[in-house]
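*Asks:* Here the protein sequences line up with chains A and B, keeping their order. Every number in our numbering is 104 more than the matching position in the first sequence, counting from 1. Every number in our numbering is 104 more than the matching position in the second sequence, counting from 1.
2 protein chains.
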Amino acid sequence: MDALTINEASTTTGWSARMLRYVEQAGLIAPARSASGYRLYGPEQLQRLRTLKELLTHFEVSLSDVAFAARLGNDPELAEAVRGWLTTEAARPAHVELEDWLRFEQDKHERLLAAVS
Amino acid sequence: MDALTINEASTTTGWSARMLRYVEQAGLIAPARSASGYRLYGPEQLQRLRTLKELLTHFEVSLSDVAFAARLGNDPELAEAVRGWLTTEAARPAHVELEDWLRFEQDKHERLLAAVS
DNA sequence: GCAACATTACCACACCTGTGTCAAAGTTGG
DNA sequence: CCAACTTTGACACAGGTGTGGTAATGTTGC
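1. From the DSSP output, read off the bridge partner residues of A136 (chain A).
2. Could you check what DSSP says for R196 (chain B) in three-state terms: helix, strand or coil?
3. Which residues of chain A have a Cβ atom closer than 8 Å to the Cβ of L182 (chain B), listed in chain order?
4. Should L160 (chain B) be flagged as near chain A, meaning a C-beta pair shorter than 7 Å?
5. Going along chain A, which residues have a C-beta under 8 Å from W189 (chain B)?
6. Once the 5 residues before and after D106 (chain B) are set aside, which same chain residues still bring their CB inside 8 Å of it?
7. Comparing the C-beta of H199 (chain B) with each C-beta of chain A, is any distance below 7 Å?
8. Indicate whether P135 (chain A) and Q151 (chain A) have their beta-carbon atoms separated by less than 7 Å.
9. So with Cβ pairs under 7 Å, would you call V186 (chain B) a contact of chain A?
10. Looking at chain B, is there any beta carbon in it that lies within less than 7 Å of the beta carbon of G146 (chain A)?
11. The alpha helix (DSSP H) spanning D119 (chain B) covers which residue range?
12. Can you tell me whether G118 (chain B) is buried or exposed, with buried defined as 16 or more other CB within 10 angstroms of its CB?
13. For a contact meaning CB atoms closer than 8 Å, what does A113 (chain A) contact in chain B?
14. So which of A:Q129, A:A130, A:R143 has the shortest CA-CA distance to A113 (chain A)?
15. Could you say which of A:L124, A:T155, A:E181 lies nearest to G188 (chain B) if we only look at CA atoms?
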């Protein structure tokens, strides 16, 4: 059994036990549980915890940022909506009339939102 | 010139003038400036403000979420680092983490609704 | 059986986000 | 010229994020 309990995982990853639970609550790292409910961190999760820490410090992003990126990966509708919003100007072909483009974009958004609800 | 000042933009987009300045500060919509420094919102920006509002309310994302998505688009190194971190997760049994994330999101939603009522 | 660990559920605190409001000072249009 | 607008800056406040604690209770290893 190469799985560590929470305090062992804490010492080898640098996260406090408190933060390991918080990271789990944010949906980023969910360790297995023993029969009695103890968290059991496998080697791969330990590695991911170390990489996560590096990601946060090196790029100055927050846990919620990473959680949102995960949400983008799980929710294609959301990903498409965000991508569309971010690229509206860049994607507009120069020869298309602005008015037409705006109407098109608005229709696209309405179709998208209608599809979700 | 078909550009609106901040209060005109406010009435046609539904954002308060205060929030229009805040959205600009978040790096999402930067209107042009007149010679004396007045913000001038063009039609594309007004449309983007409207769709942004829909994005936020319909998908329950925050301005900082969208700002982070924009940052992902502007910083390929960051995008690759995040994508890489997330896909190691996808290579492993992801259903547990997904469940957890959903519960987390639902709790957040409930807290939000509780705060409203 | 007991010390050392784990669990959840709280309290606490500093900082960030979203949002309103208000003041001082500059700009615009009739 | 003056009313109505704009600018930045600041105070304020609720709720979320990140992080530490403590307490009550269950689990494990020797």
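The beta carbon of each residue, even a glycine, is placed where N, CA and C say it ideally should be. All figures in this text were calculated on a predicted structure; none of them were measured in a lab.
*Replies:* Answer, in terms of the structure:
1. A:L144
2. The pLDDT assigned to R196 (chain B) is 47, lower than 50, so where the model puts this residue is not dependable; a value taken from the coordinates is nonetheless given after this. Correct three-state label for R196 (chain B): coil.
3. F163, V165
4. no
5. R152, T155, L156, L159, V170
6. G146, P147
7. Any reading at H199 (chain B) must be qualified, since the residue scores a pLDDT of 46, below 50, and its modelled position is unreliable; no value is offered.
8. no
9. yes
10. no
11. It is Trp, not Asp, that sits at residue 119 (chain B) in the sequence shown. Taken as a continuous stretch (DSSP letters only), W119 (chain B) belongs to no alpha helix (DSSP H), as it is neither H nor E.
12. exposed
13. None at all; the shortest Cβ gap to chain B is about 16 Å.
14. A:R143
15. A:T155
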